[in-house]
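Below is one structure, written out as structure tokens; comments come after it.
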Amino acid sequence: MLEVNGLSKTYGEGERTTRALAELSFTVAEGEFVCVVGPSGCGKTTLLRCMAGLLPPTSGSVSLRGHVVAGPPEQVGFVFQEYSRSLMPWLSVRDNIALPLRHKRLGKAERTRLVEEAVESVGLTGFIDHFPWELSGGMQQRVAIARALAYEPEILLMDEPFASVDAQTRADLEDLVLRVRKDYGVTVVFVTHDIDEAVYLGDRVVVLTQPPTTVQEVLAVNLPEPRDQVETKELPEFAHLRAHVFRAIKRRQELRPAT
Amino acid sequence: MNPARRRRILLIALEAGVPLAVLAGWWVWSVGADSFYFPALPTILTTFADTWLFERVGSDVVPSLARLAAGFGIAVVAGVAIGTALGLSPVARRVAGPLVEFGRAVPPPALLPFGMLVLGVGDAMKVFVIAVVCLWPVLLNTVDGVRGVDPTMLDTARVYGIGGLERLRRIVWPSALPQVFAGMRTSLSLALILMVISEMVASTEGIGYFVLESQRSFAIAEMWSGIVLLGVLGYLLNAALALLERRVLRWHRAALASALR
Ligand SMILES: Nc1ncnc2c1ncn2[C@@H]1O[C@H](COP(=O)(O)OP(=O)(O)O)[C@@H](O)[C@H]1O
Ligand SMILES: [Mg+2]
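As they're listed, the protein sequences go chains A and B.
Each residue of the first sequence is one higher than the last, beginning at 1 in the UniProt record's numbering.
Each residue of the second sequence is one higher than the last, beginning at 1 in the UniProt record's numbering.
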């Protein structure tokens, strides 16, 4: 459904250029949950922004159902790494979530229903008329997820959404994402630097190298469903997979001269 | 009583007490001084009551404030409109840059002769001068505010297809509003100054005209009562704007406070 073809991105011109993505190719199937894992600064955000049509690639392309992505496609929802800066502090939770729906041609009742359902599915029903700054970081990220869900995207792109919340909240949010993905039947591309998170969540894991970035390996995760924070993580297969990903990233690092 | 609370009460007492003490000092001194230039404060206050409550409200205060409101209003609307256009477009900023720098550099009263030449000595000239003067702070602050919109918010708008007027109304303007208000505060002070000056230069009514006329006819207590009125009006106008800002930007203060938490 989503195809990344020989994608490369170089920032800047002339002397001061950063080659963020060298050459990347992989595909995402309909309904799949794909995790992209790689070390900090390897270009994960760059990749996701190219996939969302927010950033033109230097060469190569991203296509969605065979159409090359040139601007943000209507079917794509995005959850930003900086949740607190992607929510509007002057709008209530309800209005933040409703904002993207205003230009969809929906009736008022339908819009209200979508917003309230999304808020309920992320467990924030009691906070619908609060403002983002009245909520904790984890709750703000829930609002951002609810906003994406209410938009009814076919594809949800998530950029290290849980990088700055505490461990317990993070585990809750991971399970929340797995659940809503089933409920809403959405295709997910989830970027993280956390190997455990990638293996726990993904149907497949795309492992990226250090910059200049390419795809090191694509790994199928055949862990039993539904995933469970305790049981899944104590499976020998889980330990095996995470060790595998860890070595893949590490091996690549050792091949490179220290900087 | 804990020390923090005691300190607060002391501060409030000082805040109210110092102006009262100054007034009392002025009162005592001016009654004793018997100076031509500084009439006794009780005399000034009696004159104030006789003159402004409410004899000259319709003939001087209302025309003055109406011109101020018109000039200020035009400046805010135009400043936000032009500032938004310049803030959104680097090309427009580049093209209009020198013009804006020149416009803001012209000392405001220098416009008066031009205004009188083109628009005569009526309301239009005064409103024009006030509007031109108030335009720049609003315009420049709006440009800054619009340019300062968080890039993540703009990306959010793009991903979710929020564009055009919707993007301006829901994202760009609210985000720029704290800066716009900062510009409006500066403009309001300038508006009051230019209101007075324009009435002193060419007018047959208005508070500024009254102050100058009183001075010319050696009605010193009347002159002082006009000065006091201008001070009171300036204070009230600033307070009204501050109140509006507090209400409109409640989210801004709360968000700042929670970011520091
Ligand atoms: N707008 C930009 N201009 C220049 N360089 C950038 C820009 N955005 C990111 N980079 C650089 O590209 C590389 C990859 O960044 P990023 O995609 O944010 O990585 P990640 O999300 O994996 O941490 C980094 O070296 C970063 O400094
Ligand atoms: Mg990133």
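Built from N, CA and C at the ideal position, the CB exists for glycine as well.
{"Item": "I need the straight-line Cα distance from B/L86 to B/R167, nearest angstrom please.", "Value": "16 Å"}
{"Item": "Mind pulling the chain B residues with CB within less than 9 Å of A/E82?", "Value": "D150 and T152"}
{"Item": "To be precise: take each residue of the stretch 146 to 177 of chain A, compare its Cβ to all Cβ atoms of chain B, and keep it if any distance is under 9 Å. Which residues remain?", "Value": "R147, A148, Y151 and L157"}
{"Item": "Would the beta-carbon of A/Y11 be found less than 7 Å away from any heavy atom of ligand 1?", "Value": "yes"}
{"Item": "State the Cα-Cα distance for the pair B/L177 and B/L135, rounded to the nearest angstrom.", "Value": "16 Å"}
{"Item": "Quick one: is A/A248 near chain B, going by C-beta distance under 8 Å?", "Value": "no"}
{"Item": "Am I right that B/I130 and B/L68 are in contact with their C-beta atoms under 8 Å? What's the rounded C-beta distance?", "Value": "6 Å"}
{"Item": "Which runs of the alpha helix (DSSP H), 4 residues or longer, sit entirely within the stretch 58 to 107 of chain B?", "Value": "62 to 88 and 90 to 105"}
{"Item": "Can you list, in chain order, the residues of its chain with a C-beta nearer than 8 Å to that of A/V62? Leave out the 5 residues immediately preceding and following it.", "Value": "L2, E3, V4, N5, L7, C50, M51, G53, V68 and V69"}
{"Item": "Report yes if the C-beta of A/K233 is less than 7 Å from at least one heavy atom of ligand 1; otherwise report no.", "Value": "no"}
{"Item": "Whole angstroms is fine: what's the gap from A/S86's alpha carbon to A/Q140's?", "Value": "10 Å"}
{"Item": "Does B/V159 have its Cβ less than 8 Å from a Cβ in chain A?", "Value": "yes"}
{"Item": "Identify which residue in B/R253, B/L14 and B/R7 has its Cα closest to the Cα of A/E134.", "Value": "B/R253"}
{"Item": "Under 7 Å: does the beta carbon of A/T18 sit that close to some heavy atom of ligand 2?", "Value": "no"}
{"Item": "Which residue's Cα is closest to the Cα of A/V28: A/A239, A/I155, A/Y83 and A/T45?", "Value": "A/I155"}
{"Item": "Note down, in chain order, every chain B residue with its Cβ under 7 Å from the Cβ of A/S86.", "Value": "T152, M153 and T156"}
{"Item": "On the DSSP letters alone, give me the boundaries of the beta strand (DSSP E) that A/A20 sits inside.", "Value": "T18 to V28"}
{"Item": "For A/T213, collect the residues of the same chain with a Cβ closer than 6 Å to its Cβ; drop the 5 residues on either side in sequence, then sort them by chain order.", "Value": "L21, A22, C42 and G43"}
{"Item": "What are the start and end residues of the alpha helix (DSSP H) that includes B/I197?", "Value": "W173 to V201"}
{"Item": "Count the other CB atoms, across all protein chains shown, that sit within 10 Å of the CB of A/P224; report buried if there are 16 or more and exposed otherwise.", "Value": "exposed"}
{"Item": "Helix, strand or coil for B/R56? Go by DSSP, reduced to three states.", "Value": "coil"}
{"Item": "DSSP three-state call for A/I67: helix, strand or coil?", "Value": "The sequence shown places His at residue 67 of chain A, rather than the Ile named in the question. A/H67: strand per DSSP, three-state reduction."}
{"Item": "Can you tell me the Cα-Cα spacing of B/P109 and A/E116, whole angstroms?", "Value": "57 Å"}
{"Item": "Using CA atoms only, rank isn't needed, just tell me which of A/L157, A/N96 and A/M158 is closest to A/F131.", "Value": "A/N96"}
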